[in-house]
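S.K.: Just so you know, the protein sequences line up as chains X and S, in that order. Going by our numbering, the letters in the first sequence line up with residues 57 to 415, in that order. Going by our numbering, the letters in the second sequence line up with residues 57 to 415, in that order. Glycine included, every Cβ here is placed at the ideal spot set by N, Cα and C. Quick caveat: nothing in here was measured; it's all calculated off a predicted structure.
Number of protein chains: 2
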Amino acid sequence: VRAVVARNHQLIVDEVLPPTPSPGDALVALRACGICGSDLHTLRHAEHMTDVAAATGLENTFDPAADYHLGHEWVGEVLDLAESPDPVVVPAPVAVGDLVVSVPYLVRDPAFVPLGFSNDYYAGYAEQFLLTAALCLRVPNGLDPRRAALTEPMAVGLHTVNRSGIAAGTAAVVVGCGPIGLALIAWLTARGIEPIVASEPSERRRALATALGAHEVVDPRSESVVDAWRRVAGLGAMQPPVVFEAVGIPGMLDELMFTVPSQTRVMVAGVCMQPDTIRPLLGVVKEISLEFVFAYDTDEFAATLRAIAEGDVDVSALVTGTVGFDGAADAFATLERADEHVKILIEPDGPAAPTPMEL
Amino acid sequence: VRAVVARNHQLIVDEVLPPTPSPGDALVALRACGICGSDLHTLRHAEHMTDVAAATGLENTFDPAADYHLGHEWVGEVLDLAESPDPVVVPAPVAVGDLVVSVPYLVRDPAFVPLGFSNDYYAGYAEQFLLTAALCLRVPNGLDPRRAALTEPMAVGLHTVNRSGIAAGTAAVVVGCGPIGLALIAWLTARGIEPIVASEPSERRRALATALGAHEVVDPRSESVVDAWRRVAGLGAMQPPVVFEAVGIPGMLDELMFTVPSQTRVMVAGVCMQPDTIRPLLGVVKEISLEFVFAYDTDEFAATLRAIAEGDVDVSALVTGTVGFDGAADAFATLERADEHVKILIEPDGPAAPTPMEL
Numbered sequence: 057v058r059a060v061v062a063r064n065h066q067l068i069v070d071e072v073l074p075p076t077p078s079p080g081d082a083l084v085a086l087r088a089c090g091i092c093g094s095d096l097h098t099l100r101h102a103e104h105m106t107d108v109a110a111a112t113g114l115e116n117t118f119d120p121a122a123d124y125h126l127g128h129e130w131v132g133e134v135l136d137l138a139e140s141p142d143p144v145v146v147p148a149p150v151a152v153g154d155l156v157v158s159v160p161y162l163v164r165d166p167a168f169v170p171l172g173f174s175n176d177y178y179a180g181y182a183e184q185f186l187l188t189a190a191l192c193l194r195v196p197n198g199l200d201p202r203r204a205a206l207t208e209p210m211a212v213g214l215h216t217v218n219r220s221g222i223a224a225g226t227a228a229v230v231v232g233c234g235p236i237g238l239a240l241i242a243w244l245t246a247r248g249i250e251p252i253v254a255s256e257p258s259e260r261r262r263a264l265a266t267a268l269g270a271h272e273v274v275d276p277r278s279e280s281v282v283d284a285w286r287r288v289a290g291l292g293a294m295q296p297p298v299v300f301e302a303v304g305i306p307g308m309l310d311e312l313m314f315t316v317p318s319q320t321r322v323m324v325a326g327v328c329m330q331p332d333t334i335r336p337l338l339g340v341v342k343e344i345s346l347e348f349v350f351a352y353d354t355d356e357f358a359a360t361l362r363a364i365a366e367g368d369v370d371v372s373a374l375v376t377g378t379v380g381f382d383g384a385a386d387a388f389a390t391l392e393r394a395d396e397h398v399k400i401l402i403e404p405d406g407p408a409a410p411t412p413m414e415l
Numbered sequence: 057v058r059a060v061v062a063r064n065h066q067l068i069v070d071e072v073l074p075p076t077p078s079p080g081d082a083l084v085a086l087r088a089c090g091i092c093g094s095d096l097h098t099l100r101h102a103e104h105m106t107d108v109a110a111a112t113g114l115e116n117t118f119d120p121a122a123d124y125h126l127g128h129e130w131v132g133e134v135l136d137l138a139e140s141p142d143p144v145v146v147p148a149p150v151a152v153g154d155l156v157v158s159v160p161y162l163v164r165d166p167a168f169v170p171l172g173f174s175n176d177y178y179a180g181y182a183e184q185f186l187l188t189a190a191l192c193l194r195v196p197n198g199l200d201p202r203r204a205a206l207t208e209p210m211a212v213g214l215h216t217v218n219r220s221g222i223a224a225g226t227a228a229v230v231v232g233c234g235p236i237g238l239a240l241i242a243w244l245t246a247r248g249i250e251p252i253v254a255s256e257p258s259e260r261r262r263a264l265a266t267a268l269g270a271h272e273v274v275d276p277r278s279e280s281v282v283d284a285w286r287r288v289a290g291l292g293a294m295q296p297p298v299v300f301e302a303v304g305i306p307g308m309l310d311e312l313m314f315t316v317p318s319q320t321r322v323m324v325a326g327v328c329m330q331p332d333t334i335r336p337l338l339g340v341v342k343e344i345s346l347e348f349v350f351a352y353d354t355d356e357f358a359a360t361l362r363a364i365a366e367g368d369v370d371v372s373a374l375v376t377g378t379v380g381f382d383g384a385a386d387a388f389a390t391l392e393r394a395d396e397h398v399k400i401l402i403e404p405d406g407p408a409a410p411t412p413m414e415l
């Protein structure tokens, strides 16, 4: 089968051996897989990532010096189910022919395999890969699989908003309108949060943020997002906003600690891979909280698929392009530039170069 | 009147003009003033501090290049009250001859003056200084004024514990057993928190931590406090502890982010004056929260004085020495070494060199 393989910090299209299901696995054919910012981060900074993962006791970290397999935002079609010997423990909630999504973990003994960050297991950048059938969720009939492919990044947004505990009456500030920032705006809009004030250097992404419901979106080179919030909030600026950091580059935390008002909670959803410098004294005198967040739980993942299918949250603005395997490396380069695309889906029969597409 | 003045990063004993009360002020004679870790920090790093204060919009920051006046943990005797022209707005809750404490602010138009960090107003390192009478709390009859002098640092501990929301059933980890770490242990003990696991390099301070109720106190050079917590907590280690950082030196936040378990909240009470480097990725993958805390509110300050007076919280272990004005510089040097003393009280008639004392 064909796959886009990460090799020496590059993406190479290669022919790989077909995966062999174990009992309880679903063999899946890729329909579409979103390219995530953390795929870009990983291809560039995998060594940082595996160092930290090993240090924190995570098992099944991968070796970035060897080939590895990216892609954790997939939707696929079940080709085969390798029945578990224990159908009570592992009932198969899906059938051959179903379109499915799942949390990006493959159940193995003794530890889960993080799909999309593995040397050994293919994931969403391969024509075929293995999922744990019991973790699969059927894509509701009638839902465009390209929308279903947004379940994973939208679940990250939902988890971040859930952790923040934000409720009507409190303002939200969203720093950065990449896929995660836009996902946050979509959920904050669905929750009725007002005002939502966002910042983003890319004009294209600012327009998408507005389309998703942000009330004010500024170019941070012209006005800081905190100044914009003060301007928009009026007397509401007496109460600090919840700030959502969705950029993840060095210096961003310190800049926010410098500019946010006292008592601000900063939800850190951006994934900064490098060491970063802050001034703790800023945090102390303003009693700032930095609350780092990660991923989602299985309930949030399922709730996200349901909300997308029901139209409770609007994801159409998130997908801006499609590409086949041969154009994946180009798609990464395009996404690094940030101004042309937000989310590009890799599709097995996609075009040879990144091509604009709307849902 | 005599005063210990901060001048060019040194403490100089000098004769200064007597303070002139304005309406609403209480003129107070110093009885005792604790030396705070932030006094040491300020004398060494005042430039950092005033930079940050100015950047965050605080008014009435001081000029560290000119003489300034330290000391915010005082107890004093009211010598005179300059009646306010508006007794309804500012009733005097104290009378001449009363022993008083107060939050370290002097009410002035247009902004509060932070006493203990001012070029213009004397504070607890001077024989006489001004307080806002309406902010003064009378020391209950019979309470040793040296215990009352602990109201301010103990209020910092109470505020930090309040912000953490810790309740019985959750373990506490206290990093550093200086005055703030010990204050935290005293309050956590009063709240029935168990286990309280602390770390501190100084043998003297470890013994005080145990005396104040810590269940396990380790030397971090022998065992990390997180390892000690795991060892002590047993199955309780399934739930993350609340970690209280009371050291405030560069590198401590990163070390904690590296060692604490997932979902840990770190209450940052230590005041690190320098820029500091963290690895945000550690925070992300473990969903750590860094919650910076500062000072206390007036209710917490009053509740602290009451709790000390009622014996609800045990502060006797906190004071280890006394010194007169002439020995203040020596006392700073002794406290920097950390192994001999925890809290030294400056007393106008104190000895010429830091002298051990127990409450």
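Quick one: what does DSSP say Asp95(S) is sitting in, helix, strand or coil?
M.R.: Locating residue 95(S) in the second sequence gives position 39, counting from the first residue. The answer is helix: DSSP assigns Asp95(S) an H, G or I state.
S.K.: Got a sec? Which residues, its chain only, sit under 7 Å from Thr266(X) by beta carbon, not counting five neighbours each side?
M.R.: Counting from 1 along the first sequence, the entry for residue 266(X) is found at position 210. Val273.
S.K.: Using a Cβ cut-off of 8 Å (strictly closer), state whether Ser258(S) contacts chain X.
M.R.: Position 202 of the second sequence, counted from the first residue, corresponds to residue 258(S). Closer than 8 Å: no.
S.K.: Can you tell me the Cα-Cα spacing of Glu71(S) and Val57(S), whole angstroms?
M.R.: As a first step, residue 71(S) is located in the second sequence; it is residue number 15 there, counting from the start. As a first step, residue 57(S) is located in the second sequence; it is residue number 1 there, counting from the start. Looking at the two C-alpha atoms, the distance is approximately 6 Å.
S.K.: According to the neighbour-count rule (16 or more other Cβ atoms, all chains shown, within 10 Å of its Cβ), is His101(X) buried or exposed?
M.R.: Against the first sequence, residue 101(X) aligns to sequence position 45. With 16 or more Cβ atoms within 10 Å of its Cβ, His101(X) is classed as buried.
S.K.: With 16 as the cutoff for other CB atoms within 10 Å, does Arg393(X) come out buried or exposed?
M.R.: In the first sequence, counting from the first residue as 1, residue 393(X) sits at position 337. Its Cβ having fewer than 16 others within 10 Å, Arg393(X) is exposed.
S.K.: For Glu301(X), which of helix, strand or coil comes out of DSSP?
M.R.: Locating residue 301(X) in the first sequence gives position 245, where the first residue counts as 1. In this structure, Glu301(X) counts as strand in the three-state DSSP scheme.
S.K.: Would you identify the three-state DSSP class for Thr101(S), choosing helix, strand or coil?
M.R.: As a working mapping, residue 101(S) is identified with position 45 in the second sequence. One point to set straight first is that residue 101(S) is His, not Thr, in the sequence displayed. Looking at His101(S) - three-state DSSP - the assignment turns out to be helix.
S.K.: So the alpha helix (DSSP H) Asp310(X) belongs to, where does it begin and stop?
M.R.: Along the first sequence, one-based indexing puts residue 310(X) at 254. Unbroken alpha helix (DSSP H) run through Asp310(X): 308 to 315.
S.K.: Return no unless some Cβ of chain X is closer than 8 Å to the Cβ of Asp95(S).
M.R.: Working through the second sequence from its first residue, we reach residue 95(S) at position 39. So no, Asp95(S) is outside the interface.
S.K.: Out of curiosity, what's the CA-to-CA distance linking Thr333(X) and Ser278(S)?
M.R.: Taking the first sequence and counting its residues from 1, one reaches residue 333(X) at position 277. Taking the second sequence and counting its residues from 1, one reaches residue 278(S) at position 222. Going from the Cα of Thr333(X) to the Cα of Ser278(S) covers about 28 Å.
S.K.: Please classify Thr390(S): is it buried, with 16 or more other beta-carbons within 10 angstroms of its beta-carbon, or exposed?
M.R.: As a first step, residue 390(S) must be located in the second sequence, where it is residue number 334. It counts as buried.
S.K.: Using DSSP with H/G/I as helix, E/B as strand and the rest coil, what is Gly252(S)?
M.R.: Counting from 1 along the second sequence, the entry for residue 252(S) is found at position 196. Looking at the sequence itself, residue 252(S) is Ile, so the reference to Gly does not match. DSSP places Ile252(S) in strand when its eight states are reduced to three.
S.K.: Between the region 328 to 340 of chain S and chain X, which residues of the former have a C-beta closer than 9 Å to a C-beta of the latter?
M.R.: Cys328, Met329, Gln330, Pro331, Asp332, Thr333, Ile334, Arg335, Pro336, Leu337, Leu338, Gly339, Val340
S.K.: On the premise that Glu414(S) lies in contact with Gly380(S), defined as a C-beta separation below 8 Å, what is that separation, rounded to the nearest angstrom?
M.R.: Taking the first residue of the second sequence as position 1, residue 380(S) is located at position 324. Taking the first residue of the second sequence as position 1, residue 414(S) is located at position 358. Wrong, their Cβ atoms sit about 18 Å apart, outside the cutoff.
S.K.: Exposed or buried, what is Val371(S) when buried is set at 16 or more other beta-carbons lying within 10 Å of its beta-carbon?
M.R.: Stepping through the second sequence from its first residue, residue 371(S) is reached at position 315. So Val371(S) ends up on the buried side.
S.K.: Residues in its own chain within less than 6 Å of Leu206(S) by CB, not counting five upstream and five downstream?
M.R.: The residue labelled residue 206(S) in the question sits at position 150 within the second sequence. These residues qualify, in order along the chain: Val371, Leu374.
S.K.: Tell me, please, which residues DSSP counts as bridged to His125(S).
M.R.: Here the question's residue 125(S) lines up with position 69 in the second sequence. Answer is Ser174(S), bridged to His125(S).
S.K.: In chain S, which residues lie less than 7 Å from Val108(X) when you measure between Cβ atoms?
M.R.: Working through the first sequence from its first residue, we reach residue 108(X) at position 52. Within chain S, the residues near Val108(X) are Arg335, Leu337, Leu338, Val341.
S.K.: Below 7 Å between beta carbons is the criterion; list the residues of the region 348 to 359 of chain X that meet it against any residue of chain S, in chain order.
M.R.: Phe348, Val349, Phe350
S.K.: I'd like to know whether the C-beta atoms of Leu171(S) and Ala179(S) end up nearer to each other than 8 Å.
M.R.: Counting from 1 along the second sequence, the entry for residue 171(S) is found at position 115. Counting from 1 along the second sequence, the entry for residue 179(S) is found at position 123. Yes, the pair counts as a contact, with Cβ atoms nearer than the cut-off.
S.K.: Quick one: is Ile236(X) near chain S, going by C-beta distance under 8 Å?
M.R.: Locating residue 236(X) in the first sequence gives position 180, counting from the first residue. No, its Cβ sits nowhere closer than 8 Å to a Cβ of chain S.
S.K.: Cβ of His397(S) less than 8 Å from any chain X Cβ?
M.R.: By 1-based counting over the second sequence, the position of residue 397(S) is 341. So no, His397(S) is outside the interface.
S.K.: Going by beta-carbon coordinates alone, are Val303(X) and Gly213(X) separated by less than 8 Å?
M.R.: The sequence position of residue 303(X) within the first sequence is 247, counting from 1. The sequence position of residue 213(X) within the first sequence is 157, counting from 1. In this structure, Val303(X) lies away from Gly213(X), with their beta-carbon atoms at least 8 Å apart.
S.K.: What separation, rounded to the nearest whole angstrom, lies between the Cα atoms of Val134(S) and Ala270(X)?
M.R.: Counting from 1 along the second sequence, the entry for residue 134(S) is found at position 78. Counting from 1 along the first sequence, the entry for residue 270(X) is found at position 214. Linking Val134(S) to Ala270(X) through their CA atoms gives a straight-line distance of about 57 Å.
S.K.: Mind pulling the chain S residues with CB within less than 7 Å of Met294(X)?
M.R.: Taking the first sequence and counting its residues from 1, the one referred to as residue 294(X) is at position 238. Ordered by position in chain S, no residue passes the 7 Å Cβ test against Met294(X), which lies about 15 Å from the chain.
S.K.: Any idea what DSSP makes of Asp379(S), helix, strand or coil?
M.R.: Residue mapping note: residue 379(S) aligns to position 323 of the second sequence, counting from 1. Before going further, note that residue 379(S) is Val rather than Asp in the sequence given. Reduced to three states, the DSSP call for Val379(S) is strand.
S.K.: For a contact defined as C-beta to C-beta under 8 Å, what are the partners of Ser345(S) on chain X?
M.R.: As a position in the second sequence, residue 345(S) is number 289, starting the count at 1. Chain X residues near Ser345(S): Ser345, Leu346, Glu347, Phe348.
S.K.: Determine, using beta carbons only, whether Leu312(X) and Val327(X) come nearer to each other than 8 Å.
M.R.: Here residue 312(X) corresponds to residue number 256 of the first sequence, with the count starting at 1. Here residue 327(X) corresponds to residue number 271 of the first sequence, with the count starting at 1. No; because the gap between Cβ atoms is not below 8 Å, this pair is not in contact.
S.K.: Mind checking whether the beta-carbon of Ser318(S) lies closer than 7 Å to any heavy atom of the ligand COA?
M.R.: The ligand COA is not among the ligands present in this structure, which contains no ligands whatsoever.
S.K.: Residues of chain X with a CB under 8 Å from the CB of His104(S): which are they?
M.R.: Counting from one through the second sequence, the residue named residue 104(S) turns up at place 48. Ordered by position in chain X, the residues that pass the 8 Å Cβ test against His104(S) are Leu337.
S.K.: Please state whether DSSP places Met294(X) in a helix, a strand or coil.
M.R.: In the first sequence, residue 294(X) corresponds to position 238, counting from 1. Helix at Met294(X).
S.K.: Look at the alpha carbon of Cys192(S) and the alpha carbon of Ala363(S), and state the distance between them as a whole number of angstroms.
M.R.: Your numbering for residue 192(S) matches position 136 in the second sequence. Your numbering for residue 363(S) matches position 307 in the second sequence. Approximately 17 Å between the Cα atoms of the pair.
S.K.: Is the CB of Leu99(X) under 8 Å away from at least one CB in chain S?
M.R.: Taking the first residue of the first sequence as 1, we reach residue 99(X) at position 43. No, Leu99(X) lies away from the interface with chain S (no Cβ there is under 8 Å from its Cβ).
S.K.: Taking Arg499(S) as the reference, give the member of Pro257(S), Ile305(S), Val340(S), His104(S) with the closest Cα.
M.R.: No information on residue 499(S) is available, as it lies outside the stretch 57 to 415 that chain S covers here.
S.K.: List the residues that DSSP assigns as beta-bridge partners of Ser345(S).
M.R.: For the purposes of this step, residue 345(S) is taken as the residue at position 289 of the second sequence. Ser345(S) is bridged to Glu347(X), Arg321(S).
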